[in-house]
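Data block below; observations after.
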Amino acid sequence: MNTRTRLRIAGQSGTGLLSVGSILIRSLRDMGFYCVADREFPSLIKGGHSCFTINFSDQPLKSLSQTCDILVTIDKPSTQAYFDTLDEGGVWVHGYERPVGLKDFRDTADKRHITTVHMPTRTTAKEVGGTDLQQNVVLTGMAWKVLGLPYDILETEMKRKFAKKPQFMESNLAALKAGYERTEYQIPQTKYQIPKKKERRMLIDGNHAIALGAIHAGVRVYYAYPMSPSSSILTHMADYAKEVGMIVKQGEDEITVANLNMGSWYAGTRSLCATSGGGYDLMTETVSLAGIIETPWVGIIVQRPGPATGLPTWTAQGDLNLAIYSSHGEFARCVIAVSDPEDNFTLIQHALNLAEKFQIPVIVLSDRVTGESLLTVPEFAQNTIPIERHLVTGKNLEKLDNHDRYKITKDGVSKRWIPCSHPDKYYFANGDEHDGMGRLDEDQSAGEMYAKRFRKLETLEKDLPEPEVLGVKKEADISFVGWGSSKNVMQDIIGQQGISGKRQGVRINYLHYSYVYPLKTKSLEKFFKDNPNVHLIEGNHTGQLGQLIEQKTSLKFKGKLLKWNGRPFFVEDLENYIKEQMPKTK
Amino acid sequence: MNTRTRLRIAGQSGTGLLSVGSILIRSLRDMGFYCVADREFPSLIKGGHSCFTINFSDQPLKSLSQTCDILVTIDKPSTQAYFDTLDEGGVWVHGYERPVGLKDFRDTADKRHITTVHMPTRTTAKEVGGTDLQQNVVLTGMAWKVLGLPYDILETEMKRKFAKKPQFMESNLAALKAGYERTEYQIPQTKYQIPKKKERRMLIDGNHAIALGAIHAGVRVYYAYPMSPSSSILTHMADYAKEVGMIVKQGEDEITVANLNMGSWYAGTRSLCATSGGGYDLMTETVSLAGIIETPWVGIIVQRPGPATGLPTWTAQGDLNLAIYSSHGEFARCVIAVSDPEDNFTLIQHALNLAEKFQIPVIVLSDRVTGESLLTVPEFAQNTIPIERHLVTGKNLEKLDNHDRYKITKDGVSKRWIPCSHPDKYYFANGDEHDGMGRLDEDQSAGEMYAKRFRKLETLEKDLPEPEVLGVKKEADISFVGWGSSKNVMQDIIGQQGISGKRQGVRINYLHYSYVYPLKTKSLEKFFKDNPNVHLIEGNHTGQLGQLIEQKTSLKFKGKLLKWNGRPFFVEDLENYIKEQMPKTK
Amino acid sequence: MSDQSKKLAGCADRYLQYETDEVMTWCGGCGNYTIQNALKRALALENIGRDNVIFCFDVGCSGNGSDKMEGYTIHGLHGRVLPLAAGVKIANHKVHVIAEAGDGATFSEGAGHVIHAVRNDYPILFLHHDNQNYGLTIGQASALTPKGCKMSGCPQGNPVDALNPLEIVLSLGPSFVARVSCTDTEHMTEIFQKGLQHDGLAFIEVLQSCPTFNKDTTHEWYVENIKYIEKELPKYDPTDLWAAKRLVMEETMYLGMIYHNPEKQNFLKAVEHWDPKCPALVEDVHQVDVSGIMAKL
Amino acid sequence: MSDQSKKLAGCADRYLQYETDEVMTWCGGCGNYTIQNALKRALALENIGRDNVIFCFDVGCSGNGSDKMEGYTIHGLHGRVLPLAAGVKIANHKVHVIAEAGDGATFSEGAGHVIHAVRNDYPILFLHHDNQNYGLTIGQASALTPKGCKMSGCPQGNPVDALNPLEIVLSLGPSFVARVSCTDTEHMTEIFQKGLQHDGLAFIEVLQSCPTFNKDTTHEWYVENIKYIEKELPKYDPTDLWAAKRLVMEETMYLGMIYHNPEKQNFLKAVEHWDPKCPALVEDVHQVDVSGIMAKL
Ligand SMILES: Cc1ncc(C[n+]2csc(CCOP(=O)(O)OP(=O)(O)O)c2C)c(N)n1
Ligand SMILES: Cc1ncc(C[n+]2csc(CCOP(=O)(O)OP(=O)(O)O)c2C)c(N)n1
Ligand code: SF4
Ligand code: SF4
Ligand SMILES: [Mg+2]
Ligand SMILES: [Mg+2]
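Read top to bottom, the protein sequences are chains A, B, C and D. Mapping the first sequence onto my numbering, position 406 (from 1) lands on 406, and the numbers just tick up by one. Mapping the second sequence onto my numbering, position 363 (from 1) lands on 949, and the numbers just tick up by one. Mapping the third sequence onto my numbering, position 87 (from 1) lands on 1259, and the numbers just tick up by one. Mapping the fourth sequence onto my numbering, position 75 (from 1) lands on 1544, and the numbers just tick up by one.
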């Protein structure tokens, strides 16, 4: 039974909509609701319309609906921008002092049976001893009341939020209470059950989770040049650096960052960097260096729509081909894609292990919606993925020969040991083609070293887990194949957490790729055999995973659900697509 | 009838082997022979083994044989390195003073019926008034005599070469004559006919031809950062700049070069830059900018083996995927591949026209063997490819609307006019997503502009010529599909200009892609239908064109001839492969 | 009314041609407003119309003005505006080319480009928006942020010494270096005019307030800490490199012409066969006969 | 025998551990030979063994020495040796890190990196091989090639002014700047030792002859035009920035310690919670418990 309730707070950037949103979502989390929340905001500092959308339910949720049941608007321009995303019969909460310019909204509201909940928030705030700074706090109280949820939860959260700014505490609480108590209207209770058992869940986004996963897996230094949507990873890492004994350095450009990362990996520690598509273009020559000197290098691309500056604050999955095919020459690499906070936390640990095991560059693809949408998730399990360094250490160093470092082996992997760990077993990490010890080798036979390095791709492919099937095991009415952030909307659709709630009995399943390259095809072939109606889902224009599948297999998709306007997949996108694709009989 | 004669001059870098080679090849050209010549040299300034190989015939030749009939060795280490490339019954020409260290070469020579032609070149030079600087000139005379060719041709060439250094003329001529006259041995005349009609042919390499093609097509500014094997384009362009009124600027790094190129194209002139794979990695972000502001941008990648520094002075076709898939985001681009001097001259002109017609980046792929091997070719036909600028100019500017510049059209192409050509019809070339005039547009509808730009790929694909079939029209015993420099060896094999001369009656044909992306597949499908035994030929490890074909079609290759050790395809590579692949009955 | 305002009144239309009716998206009190105004004034006073100027923008808050200046503009990549603008000028030397970039773009992402733009002396006007932080990416430290400043990405305070931009520029053999402040539009206008008249790279350090992320060098702080060379140092000779090198090391922010080297040969003049009278490269694309060259091969 | 040679004799094995029996591939008379020798001498005299030094090379003729120095070496990308070496030092502060690059790599391809390597003061020894041209790509002009020089790629003569590398470095707040010449191995050895002892970025300008492509500043030319600060300017104080700034603008090439700033805090020391005694990052990779952090989310 679909119990998704959809709350949207709209306001111009910098008008405090985030603080309203954060108190509400924290309170919902405290009540044990599953929440998912995301911001839409323009690539400006101030002005421009933006909104903070919270969907919550007593069932797990991972993606958002496009529209909302309750719209809280802070200023008129944002009302204009988002009013039509408020569904029939929804509730419009606002606190404007002067009704001027609201005429047509009120008319639409009537036409669409929208209940308006209003009080002049600035006057109310002042009445209870606050200032016009507290008008948003009144609005927060009003919204919580409309949701019909107990005041004490909201109040506790307000106290926690302003614990460090006691000077505002009193007036904030007064304004909160006034907003709550002076609001009469409440949405009908059938909307959702209040969860009974209170399992404590974190409120965390992908960028924060990937930072924690990296710290947990022993990353000792983090390098980055600010570039949205990856910048918050830098902020988190810098905030925790002292506490976890890590060094964080904001490099002066992406090539500096890529080479700092290369030097630290070559020297033998665990290092990490992150950027977005444009920044990664600048790193590709260095990734090619990691390829030839067979040294681990891990980097994260938090994708946004390109080309060039594109849409810096929106989301996309347009850089899969970039991750797989960029960097001149041919060498083995691995491309991993994250989707929710949990696999952000775990997959970065696997990425670090794979990079050291196969001595290759590993690129982790995230995107804005994965990196910046907040989800309620249980605390991540720790110590489940042991650190694998695959280094020759201690006494074993004695048995080494200098020519072991790049020795031509069947599986392509040779021994690696930390520079200076033994005075005599030195080797040359040489960007020119080279022999077993790294000495320049321009003979015809140098082709064998080139092939040796590339053999690692096959060995890696065998080592990777197959993609996982979610939903019905076989004979689905409609099936999807996708990677990265597509998993979130697919899980909601499969878990009947769309809007319509009931999936009209449609059997759905989804094959999810976390490890995208090298592409594993065994379960893919089985998935196509087991399911007659397989479609592709990707947040880009050309269906890049689809192209890789078409190249590696002779499988053909029945259809492709592609989206490339900077918005993530909403549950409506899937529901409409499924409706179109399903034969009428269903 | 195969009349290919193979001459190799071996010597350490910097020991004058190039001047010996250049006089010989010019003399052969003057006699009307078809010649192809190439250098093999290490990535060092001095030392290390290198050789200059000339193959000539009365039939057209485009690629080299791996071994030689006549080996001229300047120093002992190079004799060591190249002696076993001298075939049975060949001729070894050398001028060492002291026989020390030659013992085992003499033994091998006897065992393999190799005739040794020797005189102490330094003493001979001194005898006729030269110095030990002239020992190579004596060697040149010796080699020409062994070829049994008339002395006057050689002498004329020597005079032309030292016209500007008269002080050496006399001693040079004396040494040349001594070398020629004191040598008795001549290879049997049956080897080749001396061509009758003397059609004048240029001796030119691909880099020089592409420079001339660019100048001819109105390129007014050339930018480059030195990187082999592209540096000679910079040298040629700089040498002609004054004469043809062009500006040449050596940028301080590849990102500077890419953005100088971008600014000059945006401002409305024709501009060009060139680099190799590693340098192109640094240009990819700027190519993405050309993608979103829909402004022409033409760049040449002269490929060499990667990854990273790789093998700077060797050849490879390993960067096709780089050209097609690098640069973040999705946008229309064209990838063209050159093979011989003639299509270097013509295809760069088409590349410039296509870039302006579709307002896209066009990447021209060459490689070391294409760029630096010398061929005898007739003077290029001029004015065969009119300059197409596709600009709104003059009175038509009046009718323009500012929003025409990026107007959403069916074929994806909008109007372009030179900035400042009209005071009121200004537009914003915006790296952020934008509307028809280039103003920032972050609305959902921005996806339409993204799709509009990408539609150009389809329009472009329809506009490109289909790949051409060389050799037998249909039912070949063995067929090949390839791109770029592979055409040269395929033309020699089809023209029966391998070593064995007779192709044992094997019917061979070859489908050649000059326009590689977007991939045209109509004639490809027909080629697979018409020929039962189609193989792929590529100078890389992963068969990148093969992957593109497997992705776009469901065609399957019977086999793949791949080479990735830095050496070009020699005729022996094809002959051996064909022998292996042909059913024993042939 | 200053004589500058009087003159401006006389050519208001030339100013208004660049005015936009789009909503501006900079924060309230941002220095970008006055800088853009001063530039429009200078263009009006120099009688430079939209058919005679191309604006090149870097990525940063100043770059968000690229579709708010009603003229031919190009908004390129972060850190790359100088080589982009140089390419424009080389292709069309007959129009003015103006480049604008922030301190992150100029002394971090594009540090290599500023060195060689000054060395090559491309004839463009370059406005360096120095707000001592990364505004658009929400408040990280730039290479010009003072050591110790607490910013996003360095909560314990910026660990690294700040660079002195003008100390670097003066070590590159520049032809024109000036400094202005967003707090004085008239003075900016006057210096921008000089920059537009200069036939080489006019490097103008623009002290720019950023109330949102830079609480130290605010509008008020600048007003208190700036001095005018013309007023305070009447005997200052801008062609004296050593005087300039000393001036830029002082705490006080002296505004005005800091250094001018009239002998420096700009990029185009250094090309032996280039001639300002010959057609701009954009007008000169034609089929070139290469038979002469081919005959010699 | 100088006392340096005597000392060296005493630790010949330490020198020989770096010696290769591979064929060296530099041209005859190339400055690279003496520079590499001096470096080996300095390492021997400072008793730094192969388990205590990592050599980082850029791409260029000096980089071709990367497999001729018998120790742990990394031969990275053109222009990128400084951030590469910085990454190595940050990961393992317990070993010496040496970076070497040419003038093309340092002041063209990697110009942005040298600015910020000096500003961040990464504790590495940096040898700038200044042969005033691009040797390995066969003789193009670099940013330090004098204006007017005829090189490949500029047949009418290099059109652009050369940069003064030390004038630039002194504008970046460096902690250690010295100049040596390939013509004086002993002096190089002495200065390289000082660089190895310095706890910050030791920028050493190495005047390097390149007989193949640089016919102007030949071995002989250097011998005639160099002077020693210690001998000629006994009262010279290397901590006086202005004195250093003036010195590097002189025609004569003064060798020795040009500038030294003992107060500059190097990169690692500026990290508030970093402590030289704590394990190097390469020894510190362990599973870190983040439950404390998770509890607060
Ligand atoms: C290659 C690349 N890296 C990073 C970014 C993200 N980015 C956008 S603006 C900016 C810096 C802005 O600082 P500044 O140049 O000083 O301009 P301001 O916003 O302060 O005016 C950055 C790092 C980008 N757009 N492209
Ligand atoms: C990205 C990239 N661009 C260009 C090159 C080609 N390249 C190799 S060495 C070199 C410059 C050499 O000059 P310098 O740094 O002064 O070293 P030198 O050879 O003079 O010692 C260049 C441009 C390259 N290897 N990589
Ligand atoms: S962040 Fe700073 S620079 Fe950017 S618009 Fe706001 S005030 Fe201006
Ligand atoms: S080219 Fe110059 S720098 Fe390079 S090895 Fe030869 S002499 Fe030395
Ligand atoms: Mg800034
Ligand atoms: Mg050099």
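From the three backbone atoms N, C-alpha and C, an ideal C-beta is built for every residue, glycine too.
Beta bridge counterpart(s) of residue i as assigned by DSSP
i	result
Tyr1400/C	Leu1427/C
Ser1065/B	Asn1095/B, Val1120/B
Lys594/A	The shown model of chain A, from 1 to 586, leaves out residue 594/A, and the question about it has no answer.
Beta-carbon gap between residue i and residue j smaller than 9 Å
i	j	result
Phe428/A	Ile1543/D	yes
Ile1556/D	Trp314/A	The question names Ile, yet the displayed sequence has Gly at residue 1556/D. Cβ distance not < 9 Å, so Gly1556/D and Trp314/A don't count as in contact.
Met582/A	Ile537/A	no
Leu212/A	Ile300/A	no
Ile611/B	Leu789/B	yes
Ala800/B	Ile994/B	no
Own chain, CB closer than 6 Å to residue i, minus 5 neighbours either side, in chain order
i	result
Gly1545/D	Leu1553
Ile9/A	Leu17, Val20, Gly21, Phe52, Val72
Gly561/B	No answer is possible for residue 561/B: it lies beyond the span of chain B, which begins at 587 and ends at 1172.
Thr1355/C	His1391, Tyr1394, Val1395
Cβ neighbours of residue i in the same chain (closer than 7 Å, five flanking residues each side left out)
i	result
Ile194/A	Met31
Lys425/A	Leu397, Leu400, Asn402, Trp417
Beta-carbon proximity list for residue i, same chain, < 8 Å, skipping 5 on both sides
i	result
His936/B	Ile922, Ile971
Leu311/A	Ser43, Arg304, Pro305, Gly566
Leu759/B	Glu741, Met744, Lys745
Interface flag, residue i vs chain F, CB-CB below 9 Å
i	result
Cys1326/C	Protein chains A, B, C and D are contained in the structure displayed, whereas chain F is not.
**Prompt:** Mind listing which residues of the region 1247–1270 of chain C have their C-beta closer than 7 Å to chain B's C-betas, in chain order?
**Reply:** His1247, Gly1248, Leu1249, Arg1252, Pro1255, Leu1256, Ala1257, Ala1258, Gly1259, Val1260, Ile1262, Ala1263, Asn1264, Val1267
**Message:** Runs of 3 residues minimum, wholly inside the region 1230–1281 of chain C: which ones carry the beta strand (DSSP E) assignment?
**Reply:** 1244–1247, 1268–1274
**Item:** Residues of the region 911–940 of chain B with Cβ closer than 7 Å to any Cβ of chain A, in chain order
**Value:** Tyr911, Ser912, Ser913, His914, Gly915, Glu916, Phe917
**Message:** At a CB distance below 7 Å, what residues from the region 998–1012 of chain B approach chain D? Give them in sequence order.
**Reply:** none
**Request:** Could you list the residues in the region 442–456 of chain A with a C-beta less than 9 Å from some C-beta on chain B, going in chain order?
**Result:** Glu442, Asp443, Gln444, Ser445, Ala446, Gly447, Glu448, Tyr450, Ala451, Arg453, Phe454
**Prompt:** Using a beta-carbon distance cut-off of less than 9 Å, what residues from the region 262–280 of chain A approach chain D?
**Reply:** Met262, Gly263, Ser264, Trp265, Tyr266, Ala267, Gly268, Thr269, Arg270, Ser271
**Those runs of the alpha helix (DSSP H) which lie wholly inside the region 73–107 of chain A and span at least 4 residues** = Along the region 73–107 of chain A, the alpha helix (DSSP H) occurs as fully enclosed runs of 4 or more residues at 76–82, listed in sequence order.
**Request:** Identify each residue in the region 813–826 of chain B for which the Cβ-Cβ distance to at least one residue of chain D is less than 8 Å, and report them in chain order.
**Result:** Met813, Ser814, Ser817, Leu820, Thr821, Ala824, Asp825
**Request:** Could you tell me which uninterrupted beta strand (DSSP E) segments, each at least 3 residues in length, are contained entirely in the region 851–887 of chain B, listed from first to last along the chain?
**Result:** DSSP runs (the beta strand (DSSP E)) wholly in the region 851–887 of chain B: 857–861.
**Chain-ordered residues of the region 1515–1545 of chain D with a beta carbon less than 8 Å from chain A** = Gly1518, Arg1519, Asp1520, Asn1521, Val1522, Ile1523, Cys1525, Val1528, Asn1533, Ser1535, Asp1536, Glu1539, Gly1540, Tyr1541, Thr1542, Ile1543, His1544, Gly1545
**Request:** For the region 331–376 of chain A, list the beta strand (DSSP E) runs that are entirely contained and at least 3 residues long, ordered along the chain.
**Result:** 334–337, 361–367
**Prompt:** Along the chain, which unbroken stretches of the alpha helix (DSSP H) at least 4 residues long are found entirely within the region 545–578 of chain A?
**Reply:** If you keep only unbroken alpha helix (DSSP H) runs of at least 4 residues inside the region 545–578 of chain A, you get nothing at all.
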